[in-house]
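Student: Quick one: this structure, given as structure tokens, is what I'll be asking you about.
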Amino acid sequence: MMEISSSIINDRATGEVCQVSKLYKGAELETPKAATVLVIGGGGRCHAIVDALSKSASVGKIYCAPGNAGISRQADCVPIKETQVEQLRDFALQYGVDLTVVGPEVALAAGISDVFAEAGLRIFGPSRAAATIESSKDFAKRLMAKYGIPTAAYRTFDDYGEALEYVKNGSFPVVLKYDGLAAGKGVVIPENMEDAETALKDMLLDDKFGKGKVVIEEFLTGPEFSFMCFVDGERVWPMALSQDHKRAYEGDKGPNTGGMGAYSPLPFITEDDREFAMEHIMKPTASAMLAEGCPFKGVLYGGLIKTPSGIKVIEFNCRFGDPETEVVLPLLETDIYGIFSAVADSSEMPEIRWSPEASMGFVMASKGYPGTYAKGFEIGGLEEAGNDPSISIYHMGTSSEDGKFFTSGGRVLMVVGRGDSLKTAHDKALEAVEKIHCDNLFYRKDIGWRVML
Ligand code: AMP
Ligand code: GLY
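Numbering (this note's numbering), first residue to last: 2 to 454.
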């Protein structure tokens with residue numbers, strides 16, 4: 002580096018004709034090498050992260066473990082599972098990975114960030130201790146109670162008889178939450194004693210999700226929304242707000258799913274609401290984690306609800322939301338590698354800019370999801386559907402063979418449209434969805450119904 006600078010000075014001094022090209026050559030050599038990034042995960046959320054990284058001028062090579070067929074068009078997929086954290090570390094060391102970005106909570110709960118940090122590897126994602134904010138509902142509730150963060154009243158039980166007695170003396174509906182990771186199935190909201198008894202029996206007597214406690218919570222009403230923030234210790238940067246659609250069928254009917262669609266921004270959340278959520282929920286939670294000796298680094302996801310008595314926390318997650326990420330990241334105008342690096346290195350954060358556009362996404366799922374479903378159906382029309390710069394198609398569960406795509410999961414694709422209003426984003430996304438043909442997919446046409454009137 003030093004040698005190059007001095008040769009440029011010499012050239013300047015002699016005023017040679019070749020000065021410009023030599024300067025250019027020097028500048029080129031001074032440019033930092035493009036980073037190699039490893040993204041952990043294999044669903045639509047990871048596809049959106051890979052897609053955002055692929056737009057970064059600072060990023061050269063992207064690996065994704067395990068990835069999926071859609072992701073493999075933008076990254077090299079590596080067949081290592083999210084929870085095989087030692088193998089992932091060895092891969093990162095061997096392949097000169099400069100930064101690892103973690104998608105799913107299972108990898109974080111398995112301690113991936115601790116293992117990578119020990120090996121001197123840069124990673125975007127919280128430690129196992131900080132990930133407890135998602136992996137233990139009881140930890141999250143105790144943290145909120147201690148630091149005055151607004152949430153539903155609750156009590157935690159490990160004894161079936163005592164839990165049952167508490168429910169008997171309360172009112173319905175009541176919220177029962179298994180105190181551990183349960184793949185989104187650990188929350189039951191019984192309307193009567195019989196259903197409450199069955200759920201408590203599953204959780205406390207039959208250990209359906211494993212040996213664990215149950216948090217029993219007051220039932221809150223109001224629209225729910227997702228507030229994801231980039232967090233590094235006490236430093237908190239908000240992302241665009243979004244809303245997920247958890248029920249399988251139109252009109253918010255049917256069983257709960259991993260999410261059937263999402264959109265951003267949210268017209269029913271005022272600037273005052275957002276500020277309240279930032280100042281009284283997200284920032285104090287980040288500070289509380291630091292005070293508790295488990296500083297948070299990564300994405301803190303606030304699952305919030307706007308109740309008649311104010312905004313409260315339903316849950317915290319320790320990672321990007323799925324499918325919220327798929328509608329939020331397309332609105333990010335700042336280079337995401339710079340953001341990930343500022344959090345990972347605790348260095349200066351670039352100014353984070355969001356597009357004023359709206360974004361809406363429809364999930365296409367296998368018929369039968371979230372129950373049992375068949376796989377291996379060919380998907381056609383993807384090229385035509387995606388042939389528009391305001392459309393992003395993220396693969397959630399696909400496989401490929403001979404250049405063709407096939408269904409390979411419950412949620413298969415998420416088709417996201419952007420436009421100058423939610424209505425435009427909705428129409429564009431739906432138009433793209435209709436170009437995709439497959440014999441075994443269904444989707445909700447009413448994504449965004451609360452704000453489309
Ligand atoms: P969680 O896994 O904690 O997000 O819960 C899953 C879903 O259950 C939430 O998205 C809510 O729709 C519902 N839920 C959880 N807690 C409450 C509560 N205290 N009051 C009303 N609904 C709740
Ligand atoms: N969309 C809810 C979640 O990511 O947990």
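Where is the CB? At the ideal position from N, CA and C, for every residue including glycine.
No experiment lies behind these values; they were computed from the predicted model shown.
1. As an exercise, report each continuous alpha helix (DSSP H) stretch of at least 4 residues that is fully enclosed by the stretch 172-235, in chain order.
2. What is the DSSP secondary structure of Ser243, counted as helix, strand or coil?
3. Do you know offhand how far Met261's Cα is from Gly44's?
4. Just verifying my parser: in three-state terms, what is the DSSP assignment at Leu108?
5. Just checking: is the beta-carbon of Val175 within a distance shorter than 8 Å of some beta-carbon in chain D?
6. How is the alpha helix (DSSP H) around Phe117 delimited, first residue to last?
7. Does the Cβ of Thr326 have 16 or more other Cβ atoms within 10 Å, making it buried, or fewer, making it exposed?
8. Please go through the stretch 76-104 and give each complete alpha helix (DSSP H) segment of 4 or more residues, from N-terminal end onward.
9. Whole angstroms are fine: how far does the CA of Met240 sit from the CA of Phe406?
10. Quick one: Cα of Asp115 to Cα of Val237, how far?
11. Considering Cα atoms alone, identify which of Ala154, Ala120, Cys230, Asp159 is closest to Leu221.
12. For Phe220, verify whether its CB is less than 7 Å away from any heavy atom of the ligand AMP.
13. Starting from Tyr370, follow the alpha helix (DSSP H) in both directions and report where the run begins and ends.
14. Name the residue from Val98, Lys62, His396 whose alpha carbon lies nearest to the alpha carbon of Phe117.
15. Relative to the ligand GLY, what is the chain-ordered list of residues with a Cβ closer than 6 Å to any of its non-hydrogen atoms?
16. Starting from Ser401 and walking both ways along the beta strand (DSSP E), at which residues does that stretch end?
17. Give a single yes or no on whether Glu106 has its beta carbon closer than 7 Å to a heavy atom of the ligand AMP.
18. State buried or exposed for Gln244, treating a residue as buried only when at least 16 other CB atoms are found within 10 Å of its CB.
19. Residues in the same chain with beta-carbon distance under 8 Å from Leu165, minus the five sequence neighbours each way, listed in chain order, please.
20. So is the beta-carbon of Val188 under 7 Å away from any non-hydrogen atom of the ligand AMP?
21. If you pair each beta-carbon of the stretch 266-280 with each one of the stretch 301-315, do three or more pairs fall below 8 Å?
22. Residue range of the beta strand (DSSP E) that Ser265 falls in?
23. Going by DSSP in three states, Tyr374 sits in which element: helix, strand or coil?
24. Given 7 Å as the limit, tell me if Lys254 has its C-beta closer than that to any heavy atom belonging to the ligand AMP.
25. Looking only at its chain, what residues have a beta carbon closer than 6 Å to the beta carbon of Leu330, apart from the 5 residues adjacent to it on each side?
26. What's the C-alpha gap between Gln75 and Cys47?
27. Under the DSSP definition of a beta bridge, which residues are partnered with Glu352?
28. What does Met145 pair with, by DSSP beta-bridge criteria?
29. Are the CB atoms of Asp428 and Glu358 nearer to each other than 8 Å?
30. Can you tell me which of Leu301, Thr258, Pro224, Tyr395 puts its alpha carbon nearest to the alpha carbon of Phe269?
31. What three-state label does DSSP hand Cys295 in the structure shown?
Tutor: In this structure, then:
1. 194-201
2. strand
3. 14 Å
4. The question names Leu, yet the displayed sequence has Ala at residue 108. The answer is helix: DSSP assigns Ala108 an H, G or I state.
5. Of the chains in the structure shown, none is chain D; there is only one protein chain.
6. 113-119
7. buried
8. 86-95
9. 32 Å
10. 21 Å
11. Ala154
12. yes
13. Element bounds for Tyr370: n/a, residue is neither H nor E.
14. Val98
15. Asp245, Gly260, Asn318, Gly322, Asp323, Glu325
16. 399-402
17. no
18. buried
19. Ala197, Glu198, Leu201
20. yes
21. yes
22. 262-265
23. coil
24. no
25. Ala49, Ala53
26. 11 Å
27. Beta-bridge pairing links Glu352 to no other residue.
28. Answer is none; Met145 lacks a bridge partner.
29. no
30. Pro224
31. coil
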